[in-house]
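The structure under discussion appears below in the form of structure tokens.
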Amino acid sequence: MSVWVGTSGFSYNHWREVLYPAGVSSSHYLEYYAKEFHTVEINASFYRSLNPKYVEKWYQDTPEYFKFAVKCPRVVTHIQRLESTCEPMKNFAESLSGFGDKLGPVLVQCPPSLRADEDLLKKFLDSVPAKLSLLAFEFRHDSWFTDSFIEIAAAKGCMVAHDYGKRDVLVQYPGRIAYFRLHGPASDYSSSYSDDFLASLAEVVSDSASSGRDVYVYFNNDVGGYAVRNARTLINRLMELGAY
Numbered sequence: 005m006s007v008w009v010g011t012s013g014f015s016y017n018h019w020r021e022v023l024y025p026a027g028v029s030s031s032h033y034l035e036y037y038a039k040e041f042h043t044v045e046i047n048a049s050f051y052r053s054l055n056p057k058y059v060e061k062w063y064q065d066t067p068e069y070f071k072f073a074v075k076c077p078r079v080v081t082h083i084q085r086l087e088s089t090c091e092p093m094k095n096f097a098e099s100l101s102g103f104g105d106k107l108g109p110v111l112v113q114c115p116p117s118l119r120a121d122e123d124l125l126k127k128f129l130d131s132v133p134a135k136l137s138l139l140a141f142e143f144r145h146d147s148w149f150t151d152s153f154i155e156i157a158a159a160k161g162c163m164v165a166h167d168y169g170k171r172d173v174l175v176q177y178p179g180r181i182a183y184f185r186l187h188g189p190a191s192d193y194s195s196s197y198s199d200d201f202l203a204s205l206a207e208v209v210s211d212s213a214s215s216g217r218d219v220y221v222y223f224n225n226d227v228g229g230y231a232v233r234n235a236r237t238l239i240n241r242l243m244e245l246g247a248y
């Protein structure tokens, strides 16, 4: 079991003097990032196919123990809404080959308007190439949060615990892994979590890891460098618990 704590994305100019030296080129951001954090969630893949040259550089810029979580393309989740996805999922899987053994979970973030549909989900899972062995489902419509869908997600990876729409993120879903996404407590992407909350999150993460699962935690509140600061605090709390 391992606990992985990082941020959603890393290429933010407003993180200069928070994480990156003031004069450093953006081409070196990941090198500095990887000195402090052991994982990052790649969101660029949601908008466009990843350039193999960038993937190769990211692989080279990170240590051997580093893990990349990668977001599923929006053409799959938001445009085709999990329907008829064999071809785009095949192309997506091929675009990730350069990550090699550093590839972590694939984040499947569904739109809030997508309601639970068991047949739809099972057909989507049939379209997922075997090389994408870990899936983390960020469902946003309440209808997905039933025992049956949690069980289906657990067999492939897990259901994501998240606080989008003010959902309770301090939840442990069963699964092969655990995955937490934190968008900000007051305003999505632009607010900071309190020390008390992060201490509670550390307890939940530590408990999830005690079952022998890998646990992934990503802060998506990038504005103001809150994600970096909150990730640092969480890591310190986990270290105090002996879970990091």
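Residues 5 to 248 in our numbering are what the sequence shown lists, from first letter to last.
Glycine is no exception: its CB is placed at the ideal position from the N, C-alpha and C atoms.
Keep in mind it's a predicted model, so treat the numbers as computed, not measured.
Helix, strand or coil for residue i? Go by DSSP, reduced to three states.
i: P116; result: coil
i: F72; result: strand
i: A165; result: strand
i: F201; result: helix
i: E142; result: strand
i: T66; result: coil
i: F41; result: coil
i: F50; result: helix
i: T11; result: strand
i: F184; result: strand
i: D226; result: coil
i: G246; result: coil
i: V110; result: strand
i: K135; result: coil
i: F149; result: coil
i: A190; result: coil
i: N95; result: helix
i: K233; result: Note that residue 233 is Arg in the sequence shown, not Lys. Residue state, collapsed to three classes: helix.
i: V208; result: helix
Around the Cβ of residue i, are there at least 16 other Cβ atoms within 10 angstroms (buried) or fewer (exposed)?
i: Q64; result: exposed
i: K160; result: buried
i: V28; result: exposed
i: Y58; result: exposed
i: H187; result: buried
i: A134; result: exposed
i: K39; result: exposed
i: P77; result: buried
i: Y248; result: buried
i: H32; result: exposed
i: H166; result: buried
i: S212; result: buried
i: G104; result: exposed
With a CB to CB cut of under 6 angstroms and the five nearest residues on each side skipped, what residues in its chain are close to residue i?
i: P115; result: H82
i: K61; result: none
i: Y36; result: Y24
i: G13; result: N47
So residue i and residue j are supposed to be a Cβ contact under 8 angstroms. How far apart are they, rounded?
i: R85; j: L118; result: 6 angstroms
i: K75; j: N47; result: 5 angstroms
i: Y222; j: S196; result: Contact doesn't hold; Cβ gap of about 15 angstroms is too wide.
i: V232; j: T11; result: 6 angstroms
i: E155; j: L111; result: Wrong, their Cβ atoms sit about 19 angstroms apart, outside the cutoff.
Starting from residue i, follow its DSSP beta bridges and name the residues at the other end.
i: F128; result: Looking at the DSSP assignment, F128 forms no beta bridge with any residue, so it has no partner.
i: R20; result: Y24
i: V79; result: BP columns for V79 are empty, so no partner.
i: Y220; result: W8 and Y183
Report all residues from its chain with a CB closer than 7 angstroms to the CB of residue i; omit the five preceding and five following residues, and keep chain order.
i: P109; result: A73, L138, L139, A140, G161, I181, Y183 and Y220
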